[in-house]
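S.K.: Using our numbering, the first residue of the sequence shown is number 734, and each one after it goes up by one.
I'd like to ask you about the structure that follows.
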Amino acid sequence: MDGAKGGSDGPVSGYGWQNHHRSAVPAGPHPFPHADSDKPLPYNSVKEANSPTSAAVPDHENYPEVYNISEVYPEVVRDGTLPEAVVSNPAHSSKEALEVPEFTEETRLRRNRLRISILIALLVVVLIIAIVGGIVGSGVASRRQSTTEILDTTALASVSYKRADGVSQYRVYFQTTEGELCQSVWDSETGKWTVSPLRKANAANITGEPEVKLGTPLAAHIYGSISSDEYEYHLFFLDINNKIFELVSHDPDDMWKFSAQGALKGNYTAASFSSLASYGRQCGENCGNASSVVVWQNDDDKIMLAGYEASHGWASFSMNASIVPPPVHGTSITILSLGANEGVMSIYVNNGSPTQLHFNITDGWTLDGSLSGSIDPDAALTGLITNYDNATAETADVKIIATKPESSAISIHP
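Encoded structure:
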């Protein structure tokens, strides 16, 4: 032991703590003669027997003078009798010792009942913890399952309309990282956005159901009558073979159908780099003949259009108008309607600037020139139309908006 045991591991500062060891008892005769005797030994006889002046000490001329002990120490008066030592067990003989209660059958029963009560209480606590943990765990799992992670390169498509009851709705379509198509719906009545998959989790497999291409382009439109509150909801996408498919439903919350009459079911193949655009008009009773139109780019960079009429089915039209320079590889495409009763579409593509094409079933394609300003090859295009008049197209004011990917800005082209 190197230092005193205390509040620190070493010696206490300011104090010279040292170790004190008792010397071992020497071997040899017992220091007290007659220790084995049953009678107490008188004090004087002990003193005389052990005194340095005893005759047992050999003569030596150089021994120092020894003083009598009685002359050095104060005289102690004793009665010569040592106190009698009574051997006892203090733990049991002490007056303050606790009494050990006698164990009876009733005591054992009480203890058994106490043990059983404690066990039951512990089981109840464990059961409560398990139930709470299960509820929390299922809630976390449910939240995880309900979390929708959007694909960072997803295309977007949207529609907006007003129902006969006056409620306005916006629907935005997108793709998740798992390749699932979803929609986010805003309702003017609730003022909230709600996200849901187009294919329900418990939906049965459908014959001919396509596998959606990851990163597919998207295009959407609605077709119907405001007065009758009857709408068709259309969404176009590509499968893994770049074939064009269409979802058509009168119920926007139940879109995943491939048996709808007139739905496009892989009839046409787009280029792997193609974007999509679609056309449909929210109009009154006098709608154009084509209820669904889709536009894409083929492997030759040509712009293609297909339209559906109930009396003829689907028919496709290759662009016969000459565009110089030609549309860029993977051009963005956007469509606007011009005139509610004429069935005229204005299509915009990118050939270095927003270029306008007109199409109708009677006259086919016509080139209407390029808008002012240049745009990047990978710019995204969309269009706005204002001052819309049901009778003529001349009063419509068209604005084309293009992105500037290099600077995260947009440009507007009249």
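The C-beta atom is built at its ideal place from N, Cα and C for all residues, glycine as well.
What you are looking at is a predicted structure, and each value in this text was computed from that prediction instead of being measured.
#1: How is the beta strand (DSSP E) around F907 delimited, first residue to last?
#2: Of the choices T923, P950 and Q902, whose alpha-carbon is the least far from that of S1011?
#3: Since N975 and S1005 are thought to touch, with beta carbons under 8 Å apart, how far apart are those beta carbons, to the nearest angstrom?
#4: Assign S850 to one of three DSSP states: helix, strand, or coil.
#5: If you draw a straight line from the alpha carbon of N938 to that of E944, how long is it in whole angstroms?
#6: I need the DSSP call for L889, collapsed to helix, strand or coil.
#7: Which residue marks the beginning of the beta strand (DSSP E) containing M1052, and which one marks its end?
#8: In angstroms with no decimal places, state the Cα-to-Cα distance between E942 and S1105.
#9: Does the beta-carbon of E911 have 16 or more other beta-carbons within 10 angstroms, so that it is buried, or is it exposed?
#10: What number of angstroms, rounded off, separates the C-alpha of E1018 from the C-alpha of E979?
#11: Do the CB positions of V900 and S921 come within less than 8 Å of each other?
#12: Hey, quick one: how far does the beta strand (DSSP E) through V1061 stretch, first residue to last?
#13: With E911 as the anchor, note down where its beta strand (DSSP E) starts and where it stops.
#14: Pull up the CB-CB distance for D1111 and P1138, whole angstroms please, since I reckon it's below 8 Å.
#15: Who pairs with S1011 in a beta bridge, going by DSSP?
#16: In whole angstroms, what separates the C-alpha of E913 from that of S1103?
#17: Is DSSP giving L931 helix, strand or coil here?
#18: According to DSSP, is L855 part of a helix, a strand, or is it coil?
#19: What does a CB cutoff of less than 7 Å around T881 pick up in its chain, not counting 5 residues either side in sequence?
#20: Could you give the distance in angstroms between the alpha-carbon of C1016 and the alpha-carbon of H983?
#21: Where DSSP assigns a beta bridge to I1143, which residues make up the other side?
M.R.: By the coordinates alone:
#1: In the DSSP assignment, F907 falls within the beta strand (DSSP E) that extends over S901 to Q908.
#2: In this structure, P950 is the residue among T923, P950 and Q902 with its C-alpha nearest to the C-alpha of S1011.
#3: 5 Å between Cβ atoms; contact.
#4: In the structure shown, S850 sits in a helix (DSSP, three-state: H, G or I).
#5: Approximately 11 Å, taken between the alpha carbons.
#6: Note: L889 maps to coil in three-state DSSP.
#7: No beta strand (DSSP E) contains M1052, which DSSP labels as neither H nor E.
#8: If you take the alpha carbons of E942 and S1105, they lie about 44 Å apart.
#9: It is exposed - the Cβ of E911 has fewer than 16 other Cβ atoms within 10 Å.
#10: Note on E1018: pLDDT 45, under 50, position unreliable in the model; the coordinate value appears next. Rounded to the nearest angstrom, the two C-alpha atoms are 24 Å apart.
#11: In contact: V900 and S921 (Cβ atoms closer than 8 Å).
#12: Unbroken run through V1061: none, as it is neither H nor E.
#13: Run containing E911: none; DSSP gives neither H nor E here.
#14: The beta-carbon distance between D1111 and P1138, rounded to whole angstroms, is 6 Å. This is short enough to meet the 8 Å contact definition.
#15: Within the DSSP bridge table, the entry for S1011 names V1027 as partners.
#16: When rounded, the distance between both Cα atoms is 37 Å.
#17: If DSSP states are grouped into helix, strand and coil, L931 belongs with coil.
#18: It is helical.
#19: Excluding positions up to five away in sequence, the list reads T909, C915 and V928.
#20: Legend: pLDDT at C1016 = 46, less than 50; position of this residue unreliable, value from coordinates given subsequently. Answer to the nearest angstrom: the Cα atoms are 16 Å apart.
#21: Partner(s): T1136.
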